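Residue numbers (this note's numbering): 236 to 390. Structure first, then comments.
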Amino acid sequence: MRSSKSRSRNNKNRNRPSGGNNPNRVFDSSGPEGKVRGTPQQIIDKYNQLARDALLANDRVVVENFQQHAEHYKRMLAEAQREADAKREQQEVQNRERQLKRDSERVERQQRPGPKSEQQVSSEPVADAVNLDPASAPQPEMAAQKIPETAENTD
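Structure representation (C-alpha coordinates):
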(Lines of atoms letter the chains of each structure in order from A and count residues from 1; the text may use other names and numbers.)
(Lines give C-alpha, C1' and ligand atoms only; values in the text may rest on other atoms or scores of the structure.)
Protein backbone atom coordinates (compact mmCIF):
# COMPACT_ATOMS: atom_id res chain seq x y z
CA MET A 1 0.00 0.00 0.00
CA ARG A 2 2.52 2.55 -1.11
CA SER A 3 1.49 5.88 -2.56
CA SER A 4 2.30 6.10 -6.21
CA LYS A 5 3.62 9.63 -5.69
CA SER A 6 6.18 8.80 -3.03
CA ARG A 7 8.80 11.05 -4.62
CA SER A 8 8.45 13.46 -7.46
CA ARG A 9 11.17 15.21 -9.37
CA ASN A 10 10.03 18.66 -8.25
CA ASN A 11 9.70 18.18 -4.50
CA LYS A 12 13.43 18.75 -3.81
CA ASN A 13 13.23 16.40 -0.81
CA ARG A 14 11.05 18.74 1.22
CA ASN A 15 9.27 16.97 4.03
CA ARG A 16 5.81 18.47 3.91
CA PRO A 17 2.73 17.06 5.57
CA SER A 18 0.42 15.49 3.03
CA GLY A 19 -2.65 17.19 4.46
CA GLY A 20 -4.28 14.03 5.76
CA ASN A 21 -6.11 11.37 3.84
CA ASN A 22 -7.28 12.44 0.44
CA PRO A 23 -10.00 10.22 -1.05
CA ASN A 24 -8.72 11.08 -4.55
CA ARG A 25 -5.16 10.02 -3.83
CA VAL A 26 -3.90 7.21 -6.06
CA PHE A 27 -2.42 4.11 -4.43
CA ASP A 28 -0.55 1.07 -5.66
CA SER A 29 -1.82 -1.96 -3.77
CA SER A 30 0.18 -5.15 -3.88
CA GLY A 31 -2.47 -7.81 -3.50
CA PRO A 32 -2.27 -11.58 -3.98
CA GLU A 33 -3.06 -11.30 -7.69
CA GLY A 34 -0.55 -8.55 -8.44
CA LYS A 35 -0.74 -4.78 -8.23
CA VAL A 36 -4.00 -2.89 -8.12
CA ARG A 37 -3.72 0.83 -8.80
CA GLY A 38 -6.26 3.59 -8.24
CA THR A 39 -8.11 5.68 -5.69
CA PRO A 40 -9.33 3.88 -2.56
CA GLN A 41 -12.82 3.54 -4.05
CA GLN A 42 -11.45 2.09 -7.29
CA ILE A 43 -9.29 -0.37 -5.34
CA ILE A 44 -12.30 -1.41 -3.23
CA ASP A 45 -14.32 -2.04 -6.38
CA LYS A 46 -11.48 -4.01 -7.96
CA TYR A 47 -10.97 -6.23 -4.88
CA ASN A 48 -14.72 -6.83 -4.61
CA GLN A 49 -14.76 -7.88 -8.26
CA LEU A 50 -11.79 -10.20 -7.68
CA ALA A 51 -13.58 -11.66 -4.62
CA ARG A 52 -16.69 -12.36 -6.74
CA ASP A 53 -14.53 -14.04 -9.37
CA ALA A 54 -12.84 -16.18 -6.70
CA LEU A 55 -16.25 -17.08 -5.28
CA LEU A 56 -17.32 -18.34 -8.70
CA ALA A 57 -14.15 -20.44 -8.75
CA ASN A 58 -15.08 -21.86 -5.29
CA ASP A 59 -11.86 -20.58 -3.70
CA ARG A 60 -13.02 -19.40 -0.26
CA VAL A 61 -9.52 -18.59 1.01
CA VAL A 62 -8.84 -16.21 -1.88
CA VAL A 63 -12.34 -14.70 -1.47
CA GLU A 64 -11.57 -13.92 2.19
CA ASN A 65 -8.20 -12.47 1.25
CA PHE A 66 -9.70 -10.11 -1.35
CA GLN A 67 -12.46 -9.09 1.06
CA GLN A 68 -9.87 -8.23 3.70
CA HIS A 69 -7.96 -6.11 1.22
CA ALA A 70 -11.20 -4.33 0.23
CA GLU A 71 -12.07 -3.79 3.91
CA HIS A 72 -8.70 -2.15 4.53
CA TYR A 73 -9.36 0.41 1.80
CA LYS A 74 -12.94 0.92 3.04
CA ARG A 75 -11.48 1.89 6.42
CA MET A 76 -9.04 4.27 4.75
CA LEU A 77 -11.87 5.85 2.76
CA ALA A 78 -14.06 6.15 5.87
CA GLU A 79 -11.22 7.80 7.79
CA ALA A 80 -10.64 10.27 4.96
CA GLN A 81 -14.36 11.08 4.95
CA ARG A 82 -14.37 11.62 8.74
CA GLU A 83 -11.38 13.94 8.45
CA ALA A 84 -13.03 15.89 5.64
CA ASP A 85 -16.28 16.18 7.61
CA ALA A 86 -14.44 17.36 10.74
CA LYS A 87 -12.48 19.93 8.73
CA ARG A 88 -15.66 21.15 7.02
CA GLU A 89 -17.46 21.46 10.37
CA GLN A 90 -14.51 23.37 11.85
CA GLN A 91 -14.53 25.79 8.91
CA GLU A 92 -18.29 26.30 9.25
CA VAL A 93 -17.90 27.12 12.95
CA GLN A 94 -15.12 29.60 12.16
CA ASN A 95 -17.22 31.19 9.42
CA ARG A 96 -20.21 31.53 11.77
CA GLU A 97 -17.99 33.12 14.43
CA ARG A 98 -16.55 35.58 11.91
CA GLN A 99 -20.02 36.47 10.64
CA LEU A 100 -21.31 37.05 14.18
CA LYS A 101 -18.31 39.28 14.89
CA ARG A 102 -18.92 41.28 11.70
CA ASP A 103 -22.62 41.63 12.50
CA SER A 104 -21.92 42.83 16.04
CA GLU A 105 -19.32 45.33 14.78
CA ARG A 106 -21.80 46.62 12.20
CA VAL A 107 -24.51 47.08 14.84
CA GLU A 108 -22.00 48.78 17.13
CA ARG A 109 -20.97 51.22 14.38
CA GLN A 110 -24.60 52.04 13.62
CA GLN A 111 -25.42 52.69 17.27
CA ARG A 112 -22.31 54.75 17.99
CA PRO A 113 -22.64 58.48 17.20
CA GLY A 114 -19.75 59.33 14.94
CA PRO A 115 -18.54 62.48 13.19
CA LYS A 116 -20.90 63.63 10.50
CA SER A 117 -19.68 63.57 6.97
CA GLU A 118 -19.80 66.61 4.68
CA GLN A 119 -22.97 65.38 3.01
CA GLN A 120 -24.78 65.13 6.34
CA VAL A 121 -23.56 68.61 7.42
CA SER A 122 -24.85 70.33 4.28
CA SER A 123 -28.14 72.07 4.95
CA GLU A 124 -29.13 72.13 1.29
CA PRO A 125 -30.69 68.91 0.03
CA VAL A 126 -28.74 67.20 -2.70
CA ALA A 127 -31.75 66.98 -5.02
CA ASP A 128 -32.19 70.79 -5.02
CA ALA A 129 -28.50 71.36 -5.72
CA VAL A 130 -28.62 69.05 -8.73
CA ASN A 131 -31.70 70.72 -10.25
CA LEU A 132 -30.37 74.32 -9.97
CA ASP A 133 -30.14 76.12 -13.29
CA PRO A 134 -26.88 78.10 -13.42
CA ALA A 135 -28.61 80.92 -15.32
CA SER A 136 -31.07 81.45 -12.47
CA ALA A 137 -28.31 81.48 -9.87
CA PRO A 138 -27.05 84.84 -8.64
CA GLN A 139 -24.57 86.30 -11.10
CA PRO A 140 -21.51 88.36 -10.18
CA GLU A 141 -21.68 92.07 -10.93
CA MET A 142 -19.40 93.15 -13.72
CA ALA A 143 -17.98 96.65 -13.54
CA ALA A 144 -18.38 98.53 -16.78
CA GLN A 145 -15.02 98.77 -18.41
CA LYS A 146 -14.20 101.24 -21.10
CA ILE A 147 -12.58 99.60 -24.10
CA PRO A 148 -9.96 101.86 -25.64
CA GLU A 149 -10.60 102.77 -29.24
CA THR A 150 -8.24 101.32 -31.76
CA ALA A 151 -8.21 101.14 -35.52
CA GLU A 152 -9.65 97.65 -35.43
CA ASN A 153 -12.79 98.34 -33.39
CA THR A 154 -13.72 101.83 -34.71
CA ASP A 155 -15.18 100.73 -38.03
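Every residue, glycine too, gets a C-beta built ideally from N, C-alpha and C. It should be emphasised that the depicted structure is a prediction, and the values quoted were computed from it without experimental measurement.
Looking only at its chain, what residues have a beta carbon closer than 6 angstroms to the beta carbon of residue i, apart from the 5 residues adjacent to it on each side?
i	result
L290	V298
E314	N256
M311	P275
Q302	A286
Return the chain-ordered list of same chain residues with a C-beta closer than 8 angstroms to the C-beta of residue i, the five sequence neighbours on each side being excluded.
i	result
A305	I278, I279, Y282, N283, A286
P348	none
Kindly indicate which residue of the options has the alpha-carbon position closest to the one of residue i.
i	options	result
R260	G266, G273, E268	G273
P275	D338, Q316, D288	Q316
H307	F262, D368, V328, V342	F262
Would you mind stating whether residue i and residue j have Cβ atoms separated by less than 8 angstroms?
i	j	result
P258	N300	no
Could you give the first and the last residue of the continuous alpha helix (DSSP H) run that contains residue i?
i	result
V342	295-346
R287	275-291
So residue i is in the beta strand (DSSP E); what residue range does that whole segment cover?
i	result
S264	262-266
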